[in-house]
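Its first residue numbered 385, the sequence shown is counted upward by one per residue in this note's numbering.
Following: one structure in structure tokens, then a few remarks.
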Amino acid sequence: MPSARARLLYVTDLAYPARGRRYCDEDIFLTSRLRDTFDLALCHPRDAAALMDGFDAVVTRNSGPVLHYQDAHDAFRARAEETGIPVYNPLTGRGDMAGKQYLLDLFAAGRPVIPTVDRREDLPRLPRAERYVVKPPRGADSVGLRIVSEDEVVPALADGGLLVQPHIDFVHEISFYFVDDAFQYALHAPVPDRRWELEPYRPDPADLAFARSFIEWNTLAHGIQRVDACRAPGGELLLVELEDHNPYLSLDALDDAGRDSFVAALTSSLHRFLDAHR
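Spelled out as structure tokens, the structure:
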């Protein structure tokens, strides 16, 4: 008799109104392909804690910013820890999964990230700029993000709990996509103010070394990660975000062969992940 297929609870918010993207299309595509190998059920992130029992693993995908359902997410994490049901991506990520503290830590350590502070007394550490980006430490998908003038920076920090970065007139943004520690593809936005009009990008060895350094820093043995970077006016790359919770993959920007390759990599990763938790 054939061995039983693994049962996966796939967490997604199919109705999430992302700007410039359709999360639902990506997850409809992925689940249609993963069903060739796994038994799947889809659920909203608010229902995950109640439904996860009876599955071999939970796969978190395009579930939207946790800020919108923090209590439900906390309950889900607590339930996963209580039951030991594996979660993919694992809940040990040090990037956006844990908030934006990593930007502060990496900047303080001298790593190539957009300069970031969260205290008024640290503002002199930032390069002087005419405009600044202010955002919440647990935000995502530009939720709560504001661009303020130099005169508005100090008042913005008065209430605490916000991050401040200089507004950089970058050349373009590049996103590097990894499954486990294996690079899959890169996409870039040639027009800076059109973030989600993406085209394939062929990274050079220095670009890849930059992206891989943050994958290695994060130390996730399994999972999908997206390293977002901007090309500064001087040509260097700076980390914008390390998305290790539910990165949107922009699979619609790939050709059929690229999508097939990604699905194969994800399927193999899920098998390794399940084997590691048996």
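Even glycine gets a Cβ: it sits at the ideal position worked out from N, Cα and C.
### Among I599, F657, P631 and A660, the one whose alpha carbon lies nearest that of R405
Nearest Cα to R405 within the set I599, F657, P631 and A660: P631.
### Query
Mapping DSSP to helix, strand and coil, what is F554?
F554 sits in coil when the DSSP states are folded into three classes, being neither helix nor strand.
### Proximity to D591 [Cα-Cα], best of Y561, G607, F422 and N602
For D591, the closest C-alpha among the options Y561, G607, F422 and N602 is that of Y561.
### Query
Can you give the Cα-Cα distance for E505 and V538, rounded to whole angstroms?
Going by the C-alpha atoms only, they are around 10 Å apart.
### Query
Under a three-way DSSP split, which group does Y516 fall into?
Note: Y516 maps to strand in three-state DSSP.
### Selection from Y453, G479 and P470 that minimises the alpha carbon distance to I599
Checking every option, the nearest Cα to that of I599 belongs to G479.
### Message
Below 8 Å, how does it come out for the region 550-560 and the region 578-590: are there three or more Cβ pairs, yes or no?
### Response
These segments touch.
### Query
Would you call V548 buried or exposed, if buried means 16 or more other Cβ atoms sit within 10 Å of its Cβ?
Flag for V548 reads buried.
#### Entry: Contact belief for K484 with P429 at Cβ below 8 Å, rounded distance in angstroms
In fact, because the Cβ distance is near 20 Å, the residues do not count as touching under 8 Å.
### I599 - containing beta strand (DSSP E), residue span
Run containing I599: none in the beta strand (DSSP E); it sits in the alpha helix (DSSP H), P589 to N602.
#### Entry: Helix, strand or coil at L510 [DSSP, three-state]
L510: coil per DSSP, three-state reduction.
### Query
Just the Cα atoms here: how many angstroms apart are L650 and A566?
Distance from the CA of L650 to the CA of A566, rounded to the nearest whole angstrom, comes to 11 Å.
### Query
Where does Q454 land, buried or exposed, given buried means 16+ other C-beta within 10 angstroms?
Result: exposed.
### Query
Helix or strand or just coil, what does DSSP make of R478?
Coil, per DSSP.
### Task
Could you please give the first and the last residue of the uninterrupted beta strand (DSSP E) stretch that includes E625?
Counted as a single uninterrupted DSSP element, the beta strand (DSSP E) harbouring E625 occupies residues L621 to E627.
### In DSSP terms, what F567 is bridged to
Residue pairing by DSSP places F567 opposite F562 in a beta bridge.
### Message
Is the separation between the beta-carbon of A513 and that of P550 shorter than 8 Å?
### Response
In this structure, the beta-carbon distance from A513 to P550 falls below 8 Å.
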